[in-house]
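Reminder that position 101 of the sequence shown reads as 101 in UniProt numbering, one-by-one numbering, no gaps. Here a beta-carbon is modelled for each residue, glycine too, at the ideal position from N, C-alpha and C. As the structure is a computational prediction, the values presented were derived from the model and not from experiment. Data block below; observations after.
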Amino acid sequence: MSVSETDGYAPVTVHNAGKPCQTFYKIVGDLSSGKIPLIVLNGGPGSTYTYVFSIKDIATLTDLPVVFYDQIGGGKSTHLPEKNGDVDFWTVQIFVDEFHSLLRHLNIKEYNVLGHSWGAMLGMEIAIRQPAGLRKLVLSSGPVSMELWVQVTRKLLETLPADLQQIIRENEEAKTYNSPEYNAAMQEFTKRFVCRLDPLPEEVTAAFKEMEADPTPYVTMQGPSEFTITGNLKDWSVIDDLHKINVPVLVTNGAHDEAQDPVVAPLFQHVPRVRWYTFANSAHMAHWEEREKYMQVVGDFLTQ
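Spelled out as structure tokens, the structure:
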């Protein structure tokens, strides 16, 4: 069954951007069908919807429309490299505001949300504000606090061969994040804990390259790497607010995920209505690594 795809741009007002901004979006399926759409939030911050585009399978599987978009600073949406390092500009709130701005543009009143990685963090931030239209929330491989994330990723680092650990440590200390040996060592980390498919899906590789070309949001909000957090998300945590999430939540992660159980477990402990599914053969990208199973688990949750 073929499902229609529609692209477009939505104007978005970004406070202090200094120029007009727009959000690129792609709709898979029919928003006028009367069925509650799924809005997908990609990771990063500053990546692109393309690496989560496999989730379009949900539209075919469930007949629910699926909306993807590039968050400000990434993909085909407005880039703001002149704001690199501006921690007062790159706040979580601009992404929350952009999300609601897009919904207004598309006239979406009721919706489900699926966030992956940073997108799951954004999904939590949206949900704790208890917006009237939110019906269900899927949080895939996203941490509840950066402190937990750093603890877990540092432990994973210690499972790499000693020579690679040393290369990573030395380059992190010297801040030589572009050295070929550092990148080679990081590729091993990626193979083990980010995506275990070999070769990586083209969409994933392309998203990595896009972020390398303009890492503005990532570097400003997160930092130079997955485990060196120097940006303004350094002290980020929603643990104390998780009880405010008032919709059913599906939490997912992979058995080999850089988002190990400790970084998602507080969701299971504090969210009133929650279920948790771990994909046995996945790292951070179950939507590629166990694509069919992932869509089945998410699709069942959305349609029950």
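Identified DSSP bridge partners for residue i
i	result
Thr13	Paired residues: none, contrary to the question.
Trp276	Val251
Asn112	Leu38
Gly8	Tyr25
Cβ pair residue i, residue j closer than 8 Å
i	j	result
Phe227	Arg275	no
Ala127	Val247	yes
Tyr177	Ser237	no
Ile72	Val3	no
Pro65	Gly29	yes
Gly46	Met186	no
Ala255	Thr278	yes
Ile36	Asn84	no
Val298	Val138	yes
Thr48	Asp70	yes
Asn253	Ser141	yes
Gly75	Glu110	no
Asn42	His116	yes
His287	Ile55	yes
Gly231	Val96	no
Val67	Val152	no
Ile239	Val271	no
Glu289	Ala283	yes
Glu158	Ile167	no
Leu38	Leu302	yes
Thr50	Ala207	yes
Local conformation of residue i per DSSP, three classes
i	result
Thr23	strand
Glu158	coil
Ala283	coil
Leu197	coil
Tyr177	coil
Asp57	helix
Glu290	coil
Thr48	coil
Gln166	helix
Asp30	coil
Gly299	helix
Glu188	helix
Gln269	helix
Glu258	coil
Gln151	helix
Val264	helix
Minimum C-alpha distance to residue i - residue among the options
i	options	result
Gln296	Val96, Arg135, Trp90, Ala59	Ala59
Glu125	Ile108, Ser145, Leu106, Tyr9	Ser145
Leu233	Leu134, Leu148, Phe68, Gly34	Leu148
Leu250	Asn16, Arg135, Trp90, Lys209	Arg135
Leu122	Ile94, Lys109, Thr278	Ile94
Leu197	Gln222, Asp57, Val87, Asp257	Asp257
Thr23	Ala17, Ala10, Ser33	Ala10
residue 343	Leu242, Ala283, Met285, Glu289	Residue 343 is absent from the structure shown; the chain starts at 1 and stops at 304.
Val52	Pro201, Arg104, Thr220	Pro201
Lys26	Arg192, Trp118, Leu103, His270	Leu103
Thr216	Thr50, Thr78, Asp7	Thr78
Met221	Thr6, Asn171, Gly44	Gly44
Pro131	Leu156, Pro143, Ser101, Leu160	Ser101
Leu156	Glu188, Ser179, Pro180, Glu173	Glu188
Pro294	Ser33, Asp7, Val12, Asp57	In the sequence under discussion, the amino acid at residue 294 is Tyr, which differs from the Pro named in the question. For the residues Ser33, Asp7, Val12, Asp57, the minimum Cα distance to Tyr294 belongs to Asp57.
Gln304	Thr62, Pro20, Glu5	Thr62
Gly18	Lys209, Gly34, Arg192, Phe89	Phe89
Val204	Met285, Asn171, Arg273, Ser179	Met285
Val12	Gly34, Glu172, Phe99	Phe99
Pro161	Glu173, Trp118, Ala184	Ala184
4 or more residues per run - each alpha helix (DSSP H) lying fully within the segment 63-145: 92-105, 118-128
Inside the segment 203-256 only - alpha helix (DSSP H) runs reaching at least 4 residues: 216-221
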